[in-house]
Amino acid sequence: MDYQPAYKTMAEHQQVYDLIWSQMPHMQKRTSSTWWFFILLPQGEEGYGPRQMMFSIATRVGERIRISDMWLPGLDLRRPLDNGVDTFAAAAVGWYCDGETVHEDIVKTTAVTRLSLPDKTVECWADQADGNRYGYEICAASSPPLSLEAHIIGEKGSAHFNAWGDLNCLDNAPQEAINIDTPFGGTHFIAWRRMHFKGDFDLPGTGKETLTGLCYFQRVCLNVPTFPWKWIWALFPDGSMFSAYVPYAGLNLLRKGYTFFNSNRKEQATLSIAPKAFWDWPDARERIWLAEGTRITPILGRGPHPHFEVTTQNKAGDFMRFTAVPYGHTRFFIDRPLLGSRLESHWNYNEYMFRMENVDGRIQNQPITQATMGQGFGSLEYTWGLGL
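In numbering that gives the first Met the number 0, the protein residues as written are 0 to 387.
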């Protein structure tokens, strides 16, 4: 683990890093939700993929909530906060794609969770009747500076790994990506978009092994209703990264379960809201924004899951076009009873593992194709519903 000089001071990085261990309780509202997650792409023969995995700790406000069919008490806005320690109920979930098959529920449990700024840990562990202990913990690692350590143990597998960033540019360091706080709600999240990882894994289909690769870490505090979006994070073999985020409005606000409309016209009848996209080289060069005309368009009828046509560009002439072709899908959802359980708010999170096909682009006069860059893999979120 070679340590490289920070592009900001260590004190500035430390201020952001410390926010990982808070869910910003002073910002929370009755619609608030919080989650901590890693997406990991192990290095393979084709690049970073096709194997992928994700592990998440999630909670939200409410007397009683349901996360992926597990009932648990929701966050209490009046809960005590003693000496930087926050205690609440949360769910720990995780999946693994071996490149062909998606193995659900590597870990799937609820537990009283302890979030501690002094100890720099978030611990979600549940003791089982058979004496086993299942759950998920993220904590500060001792080396290199400002790195993370994660431990996941579930009925179907386990993972123990360290993750660290080079701290030499925006996307290789922890970033306070959004900090919006208003009387009506807001959002606060910490994003660490490109980290190295290394650790020991015991997973279905592949068994015990040591894996290395690149990963994404995020701590999200969403203090407005969970709303629909489409989001992409993708990597090429050299570590170059493409990402796009497209919040949207449409009839999908009312959709429940894993279903689609009966035509592409209806599925695509949405209004994008302030879409963003960018390209980032693997070194310390500046991020290239690609915000103009960013679209992530679902196309039905090409297989069991939608394909997604992705386009974006900027005024300097940089552009990206490709098709995100899923080879795996998993689903995560959060429900909250309303009006004495007569109604229920529903937010449905779909994650697709995908290959990049038909890649055509140019960034800073460098052609971006499969021939020049190799095979790209990524994760795509297509969410719908509205979590009130």
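Yeah, the Cβ is synthetic: ideal placement off N, Cα and C, and Gly gets one too.
Neighbourhood of residue i by C-beta distance below 6 angstroms, restricted to the same chain and skipping five residues each side
| i | result |
| --- | --- |
| Met23 | His187, Cys220 |
| Lys229 | Val245, Ile295, Tyr381 |
| Asp126 | Arg132 |
| Leu387 | Pro224, Ser344 |
| Gly360 | Phe318, Met319, Ile367 |
| Gly384 | His345, Trp346, Asn347 |
| Thr411 | Nothing can be reported for residue 411, as the shown portion of the chain is limited to 0 through 387. |
| His159 | His150, Gly198, Asp199 |
| Leu250 | none |
| Asp334 | Arg65, Glu343, His345 |
| Tyr215 | Ile38, Arg192, Trp232 |
| Ile179 | Gly185, Thr186 |
| Glu99 | none |
| Thr269 | Tyr247, Gly249 |
| Pro227 | Tyr247, Asn251, Thr382, Trp383 |
| Lys207 | Asp201 |
Enclosing alpha helix (DSSP H) for residue i [first to last residue]
| i | result |
| --- | --- |
| Thr371 | 369 to 372 |
| Asp165 | No alpha helix (DSSP H) holds Asp165; DSSP gives it neither H nor E. |
| His306 | Unbroken run through His306 is the beta strand (DSSP E), 306 to 312; no alpha helix (DSSP H). |
| Tyr16 | 9 to 17 |
Option in the options with minimal Cα separation from residue i
| i | options | result |
| --- | --- | --- |
| Lys107 | Leu379, Asp170, Tyr95, Pro173 | Tyr95 |
| His102 | Glu148, Trp383, Met52 | Met52 |
| Asp237 | Arg59, Thr371, Glu136, Glu62 | Thr371 |
| Ile19 | Phe36, Thr8, Phe259, Lys7 | Phe36 |
| Phe235 | Pro281, Val223, Asn222, Glu208 | Pro281 |
| Asp199 | Ala268, Thr209, Thr205, Trp191 | Thr209 |
| Tyr6 | Pro72, Leu147, Pro173, Ala57 | Pro173 |
| Gln390 | Phe321, Arg113, Pro336, Asp75 | The structure shown does not extend to residue 390, since the chain spans only 0 to 387, so no value can be given for it. |
| Phe241 | Leu289, Gly204, Pro203, Asn251 | Leu289 |
| Ser262 | Glu154, Phe277, Ala158, Ile298 | Ile298 |
| Ile362 | Ala276, Pro305, Gly302 | Ala276 |
| Ile64 | Leu342, Asn349, Pro336 | Pro336 |
| Ile56 | Tyr247, Leu114, Thr329 | Leu114 |
| Phe259 | His306, Pro72, Thr109 | His306 |
| Tyr135 | Asp129, Gly153, Ala248, Ala128 | Gly153 |
| Thr181 | Thr329, Gly300, Asn222, Thr205 | Asn222 |
| Ile177 | Ile189, Asn171, Gly184 | Ile189 |
| Gly300 | Thr211, Gly43, Ser157, Glu266 | Glu266 |
| Gln13 | Tyr247, Arg284, Ala139 | Ala139 |
| Thr205 | Asn171, Gly156, Asp170, Ala243 | Gly156 |
| Ser340 | Ser271, Gly61, Lys255, Cys123 | Gly61 |
The beta strand (DSSP E) enclosing residue i, as first and last residue numbers
| i | result |
| --- | --- |
| Asp334 | 318 to 337 |
| Gln51 | 51 to 59 |
| Glu463 | This structure cannot speak to residue 463, because the chain is shown only from 0 to 387. |
| Arg29 | Element bounds for Arg29: n/a, residue is neither H nor E. |
| Arg132 | 132 to 139 |
| Leu147 | 147 to 153 |
| Thr205 | No beta strand (DSSP E) contains Thr205, which DSSP labels as neither H nor E. |
| Trp124 | 120 to 126 |
Sequence-distant residues of its chain with Cβ nearer than 7 angstroms to residue i (five each side left out)
| i | result |
| --- | --- |
| Met9 | Pro144 |
| Tyr2 | Model confidence at Tyr2 stands at a pLDDT of 44, short of 50, so the residue's coordinates are unreliable and nothing is read from them. |
| Thr329 | Trp94, Val101, Glu103, Glu350 |
| Leu71 | Ile64, Ala88, Ala90, Thr109 |
| Pro203 | Tyr95, His102, Lys155, Gly156 |
| Glu175 | Val15, Leu18, Ile189 |
Residues near residue i in its chain [Cβ-Cβ closer than 8 angstroms; skip 5 each side]
| i | result |
| --- | --- |
| Phe376 | Leu40, Glu45, Gly46, Tyr47, Gly48, Pro49, Gln51, Ala233, Leu234, Met352, Phe353, Arg354, Met355 |
| Asp17 | Leu116, Lys119 |
| Ser271 | Val245, Pro246, Tyr247, Thr293, Arg294 |
Check: residue i C-beta below 6 angstroms from any heavy atom of the ligand ATP
| i | result |
| --- | --- |
| His25 | Judged by which ligands are present, the structure shown has none, so any question about the ligand ATP falls away. |
Item checked: alpha helix (DSSP H) segments (min. 4 residues) lying fully within the segment 208 to 294 -> 263 to 266
Check: Does the count of Cβ pairs from the segment 78 to 95 and the segment 310 to 320 closer than 8 angstroms reach three?
Finding: no
Check: Can you list, in chain order, the stretches of the beta strand (DSSP E) that have 3 or more residues and sit fully within the segment 67 to 107?
Finding: 69 to 72, 84 to 96
Margin query: Report the start-end ranges of each alpha helix (DSSP H) in the segment 341 to 370 that is 4 residues or longer and not cut off at the edges.
Written below: none
Item checked: Unbroken stretches of the beta strand (DSSP E), 3 residues or longer, contained in the segment 167 to 200 -> Annotation note: the segment 167 to 200 contains the following uninterrupted beta strand (DSSP E) runs of length 3 or greater, listed N- to C-terminal: 174 to 181.
Notebook entry, point to check: Does the segment 325 to 336 come close enough to the segment 346 to 353 that 3 or more CB-CB pairs lie under 8 angstroms?
Noted result: yes
Check: Three or more C-beta pairs closer than 8 angstroms, one from the segment 161 to 177 and one from the segment 110 to 127: is that the case here?
Finding: With the cut-off at 8 angstroms, the segment 161 to 177 and the segment 110 to 127 do not touch.
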